[in-house]
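Trainee: Residue 15 is where the sequence shown starts when you use the working numbering, and the numbers rise one by one after that.
We put the beta carbon where it would ideally sit given N, CA and C, even for glycine.
Keep in mind it's a predicted model, so treat the numbers as computed, not measured.
Here it is: the structure, laid out below.
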Amino acid sequence: MRYLSMGRVPPKRHTQVRDEGRLLVEEVMGYEGFSGNESILYHLQSPCRVAEVGGFTPIERPEWVPEAHVHRLTDTAPLPPGGDPVLGRRLLMFNDDVEVAIAKPTEVSSAFHRNGEGDEVLFVHEGSGELETVFGRLPFSPHDYVVIPRGTTYRIILGEGPHTWLTFTTPGEIETPNRYRNRYGQLLEHAPYSQRDFHGPVELETHREGGEHELVVRVRGGHQRFALDYHPLDVVGWDGYVYPYTFSIDDFEPKSGRLHQPPPAHQTFQGPNFVICSFCPRKLDWDPLAVPLPYHHSNLQSEEVIYYVDGRFGSRKGVDVGALTLHPSGLPHGPQPGLVEQSLGATETEELAVMIDTFRPLRLTPLARDLDDPGYALSWREDPALAATGTASGSNGRSSSA
Ligand SMILES: [Fe+2]
Numbered sequence: 015m016r017y018l019s020m021g022r023v024p025p026k027r028h029t030q031v032r033d034e035g036r037l038l039v040e041e042v043m044g045y046e047g048f049s050g051n052e053s054i055l056y057h058l059q060s061p062c063r064v065a066e067v068g069g070f071t072p073i074e075r076p077e078w079v080p081e082a083h084v085h086r087l088t089d090t091a092p093l094p095p096g097g098d099p100v101l102g103r104r105l106l107m108f109n110d111d112v113e114v115a116i117a118k119p120t121e122v123s124s125a126f127h128r129n130g131e132g133d134e135v136l137f138v139h140e141g142s143g144e145l146e147t148v149f150g151r152l153p154f155s156p157h158d159y160v161v162i163p164r165g166t167t168y169r170i171i172l173g174e175g176p177h178t179w180l181t182f183t184t185p186g187e188i189e190t191p192n193r194y195r196n197r198y199g200q201l202l203e204h205a206p207y208s209q210r211d212f213h214g215p216v217e218l219e220t221h222r223e224g225g226e227h228e229l230v231v232r233v234r235g236g237h238q239r240f241a242l243d244y245h246p247l248d249v250v251g252w253d254g255y256v257y258p259y260t261f262s263i264d265d266f267e268p269k270s271g272r273l274h275q276p277p278p279a280h281q282t283f284q285g286p287n288f289v290i291c292s293f294c295p296r297k298l299d300w301d302p303l304a305v306p307l308p309y310h311h312s313n314l315q316s317e318e319v320i321y322y323v324d325g326r327f328g329s330r331k332g333v334d335v336g337a338l339t340l341h342p343s344g345l346p347h348g349p350q351p352g353l354v355e356q357s358l359g360a361t362e363t364e365e366l367a368v369m370i371d372t373f374r375p376l377r378l379t380p381l382a383r384d385l386d387d388p389g390y391a392l393s394w395r396e397d398p399a400l401a402a403t404g405t406a407s408g409s410n411g412r413s414s415s416a
């Protein structure tokens, strides 16, 4: 991220600065001890101040261990809306590097949240709103990735809905890929986006009022509640490289080639042992003998999860908007029968999808089991009649839409 400064900061770090005569409290918020990116915030109150220590609720991550190791199709479209923007996220899959959840929030949360153990990304499929954060207001719209660094105190105000988000939480850092940046950190000319496409908070609001507020901090695998006797968004000024921001998938500049471009061409973010990629509408391969769809590939060391946002995804049959496919490590996958032939000569695609590839196996939750389409594993059978009647062992018995 680039350097940003909002509100009033003193000309020198670690020097006195006052607001209406009151000495402000300087907070350095940084990664990797004092060696990573940091921001410095100037508060009216000590950020340590709490009026009351509330309860601690461990986060449950129940696991569904299927009997069969197969490709999976998970349709989130039938999931009813509900819950608040943070605690209402419904976990679908996870490992020690990342949690993938779906959220369809409808409730306003009066509490403020802070993730004390991980960075968060919300991919906003539908709905708009804004984050009220300690760094200022951050509006979001459909198709935005919203990146929230750990340690950010925030509350999400829901605007026009319905709201559907695919969310990621990682104990690591969410970054733009190293190979897109020069040694100074600036995005390179060949990157699929530029600094202009990343949008930080638009306005810093300093709350000086007292009152009772609740703060919920995710820490040590649970949620710790605190009661505050002041408004936690009390920052008068801040500057630095750490702050929440949005990036719209519609601002991702897709790469096309004479022949098929592999998924790294679509990479948008990197995390520890995973990548997030954006598949966007684009021109397709122009060689007369090109096969525009992906070749079959064996993910020997990664799990591939694709969330379908809009348009028709050329390499998938029977996969609708709001569905996720999971192509786990150890099994080859590729376009389903007939799709390669159909694609020949195509000049463009309207597909819009978000992909996460993890380099360590993903575990599934009971929610993933409930939304599982067992017929997907058999959808590569040439005879559609056979595929329609087949079932995969370990399934929940639902019929295939493939
Ligand atoms: Fe793939």
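(1) Mapping the DSSP letters down to three states, classify residue 388 as helix, strand or coil.
(2) Let me confirm a value: residue 82 is counted as buried when at least 16 other C-beta atoms fall within 10 Å, else exposed. Which label applies?
(3) Whose CA, out of 298, 295, 285 and 353, lies closest to the CA of residue 109?
(4) Using CA coordinates, which residue listed in 174, 134, 75 and 35 is at the minimum distance from residue 381?
(5) Once you ignore the five residues that flank residue 394 on each side, which residues in its own chain have a CB closer than 7 angstroms to its CB?
(6) Residue 307 and residue 343 look like a contact to me (Cβ under 8 angstroms); what is the Cβ gap, rounded to whole Å?
(7) So the candidates are 377, 390 and 324; which of them puts its Cα closest to the Cα of residue 80?
(8) Count the other CB atoms within 10 Å of the CB of residue 129; is the residue buried (16 or more) or exposed (fewer)?
(9) Around the Cβ of residue 143, are there at least 16 other Cβ atoms within 10 angstroms (buried) or fewer (exposed)?
(10) Do residue 342 and ligand 1 come close, with the Cβ less than 8 angstroms from some heavy atom?
(11) Tell me which residues share the same chain as residue 175 and place their Cβ nearer than 6 angstroms to its Cβ, disregarding the 5 neighbours each side in the sequence.
(12) Between the region 204 to 214 and the region 255 to 270, do at least 3 Cβ pairs fall closer than 8 angstroms?
(13) In the DSSP assignment, the alpha helix (DSSP H) including residue 357 goes from what residue to what residue?
(14) Could you spell out where the beta strand (DSSP E) holding residue 144 opens and where it closes?
(15) Please report the distance separating the alpha-carbon of residue 157 from that of residue 137.
(16) Can you give the beta carbon distance from residue 339 to residue 320, rounded, assuming they're within the 8 angstroms contact cut?
(17) Quick check on this structure: which residue in 114, 198 and 68 has the alpha carbon closest to the alpha carbon of residue 90?
(18) Would the region 29 to 43 count as touching the region 187 to 196 if we require 3 or more Cβ pairs under 8 angstroms?
(19) Would you kindly report the start and end of the unbroken beta strand (DSSP E) that includes residue 154?
(20) Compute the distance between the beta-carbons of residue 135 and residue 168, then report whether it is under 9 angstroms.
(21) For residue 15, does the count of other Cβ atoms within 10 angstroms reach 16, so buried, or fall short, so exposed?
(22) Are there 16 or more other CB atoms within 10 angstroms of the CB of residue 292, so buried, or fewer, so exposed?
(23) Looking at ligand 1, does it come within less than 8 angstroms of residue 318, judged from the CB to the closest heavy atom?
(24) What's the gap between the Cα of residue 269 and the Cα of residue 297?
(25) Could you tell me which uninterrupted beta strand (DSSP E) segments, each at least 3 residues in length, are contained entirely in the region 52 to 124, listed from first to last along the chain?
(26) Determine the direct distance from the alpha carbon of residue 190 to that of residue 73, and round the result to whole angstroms.
(27) How big is the Cα-Cα spacing for residue 206 and residue 256?
(28) Under 8 angstroms: does the beta carbon of residue 313 sit that close to some heavy atom of ligand 1?
(29) What are the boundary residues of the beta strand (DSSP E) that residue 169 is part of?
(30) Per the contact definition of three or more C-beta pairs closer than 8 angstroms, is the region 239 to 247 in contact with the region 61 to 69?
Mentor: Quick look at the numbers:
(1) To locate residue 388, count along the sequence shown from 1; it is residue 374. It is helical.
(2) What you label residue 82 is simply residue 68 of the sequence shown in a count that begins at 1. By the 10 Å Cβ count, residue 82 comes out exposed.
(3) Here residue 109 refers to the residue found at position 95 when the sequence shown is read from its first residue. Its Cα nearest to that of residue 109, the residue 285 stands out among 298, 295, 285 and 353.
(4) In the sequence shown, counting from the first residue as 1, residue 381 sits at position 367. Nearest C-alpha to residue 381: 75.
(5) Working through the sequence shown from its first residue, we reach residue 394 at position 380. If we look at residue 394 and ignore the five residues flanking it on each side, its Cβ neighbours are 350 and 351.
(6) Locating residue 307 in the sequence shown gives position 293, counting from the first residue. Locating residue 343 in the sequence shown gives position 329, counting from the first residue. The Cβ separation is near 21 angstroms, so there is no contact.
(7) For the purposes of this step, residue 80 is taken as the residue at position 66 of the sequence shown. If we check each option's Cα against that of residue 80, 377 comes out closest.
(8) To locate residue 129, count along the sequence shown from 1; it is residue 115. Its Cβ being crowded by 16 or more others within 10 Å, residue 129 is buried.
(9) Indexing the sequence shown from 1 puts residue 143 at position 129. It counts as buried.
(10) Taking the first residue of the sequence shown as 1, we reach residue 342 at position 328. In terms of side-chain proximity, the C-beta atom of residue 342 is found no nearer than 8 angstroms to any non-hydrogen atom of ligand 1.
(11) Your numbering for residue 175 matches position 161 in the sequence shown. The answer, listed in chain order, is 141.
(12) Counting Cβ pairs under 8 angstroms, three or more are found: they touch.
(13) Walking along the sequence shown from the start, residue 357 turns up at place 343. Note, residue 357: alpha helix (DSSP H), 353 to 357.
(14) In the sequence shown, the residue the question calls residue 144 occupies position 130. First-last of the beta strand (DSSP E) with residue 144: 143 to 147.
(15) Residue numbering aside, residue 157 sits at position 143 when the sequence shown is read from its first letter. Residue numbering aside, residue 137 sits at position 123 when the sequence shown is read from its first letter. Rounded to the nearest angstrom, the two C-alpha atoms are 7 angstroms apart.
(16) The residue you call residue 339 lines up with position 325 of the sequence shown. The residue you call residue 320 lines up with position 306 of the sequence shown. Contact between residue 339 and residue 320 holds: CB atoms are separated by about 5 angstroms, below the 8 angstroms threshold.
(17) Here residue 90 refers to the residue found at position 76 of the sequence shown. Scanning 114, 198 and 68 for the CA closest to the CA of residue 90 turns up 114.
(18) With a cut-off of 8 angstroms, the region 187 to 196 and the region 29 to 43 do not count as touching, because too few Cβ pairs lie within range.
(19) Numbered from its first residue, the sequence shown carries residue 154 at position 140. Where residue 154 is concerned, the enclosing beta strand (DSSP E) stretches over 150 to 154.
(20) By 1-based counting over the sequence shown, the position of residue 135 is 121. By 1-based counting over the sequence shown, the position of residue 168 is 154. No, they are not a contact pair.
(21) Translated into the one-based positions of the sequence shown, residue 15 becomes position 1. Residue 15 should be labelled buried.
(22) For the purposes of this step, residue 292 is taken as residue 278 along the sequence shown, with counting starting at 1. Classification of residue 292: buried, given that the 10 Å Cβ count is 16 or more.
(23) Here residue 318 corresponds to residue number 304 of the sequence shown, with the count starting at 1. At a cut-off of 8 angstroms, the beta-carbon of residue 318 counts as near ligand 1: some heavy atom of the ligand is closer than that.
(24) Position 255 of the sequence shown, counting from 1, holds the residue named residue 269. Position 283 of the sequence shown, counting from 1, holds the residue named residue 297. About 8 angstroms.
(25) Entirely contained in the region 52 to 124, the beta strand (DSSP E) runs reaching 3 residues are, in chain order, 52 to 57, 66 to 72, 86 to 89, 104 to 108 and 113 to 117.
(26) Your numbering for residue 73 matches position 59 in the sequence shown. Your numbering for residue 190 matches position 176 in the sequence shown. Distance between the alpha carbons of residue 73 and residue 190 is about 29 angstroms.
(27) Residue numbering aside, residue 206 sits at position 192 when the sequence shown is read from its first letter. Residue numbering aside, residue 256 sits at position 242 when the sequence shown is read from its first letter. Cα to Cα, the separation comes out at about 22 angstroms.
(28) The sequence position of residue 313 within the sequence shown is 299, counting from 1. Result yes, Cβ under 8 angstroms from ligand 1.
(29) Here residue 169 corresponds to residue number 155 of the sequence shown, with the count starting at 1. Taken as a continuous stretch (DSSP letters only), the beta strand (DSSP E) holding residue 169 covers 167 to 172.
(30) Here the region 61 to 69 makes contact with the region 239 to 247; the two share three or more CB pairs at distances below 8 angstroms.
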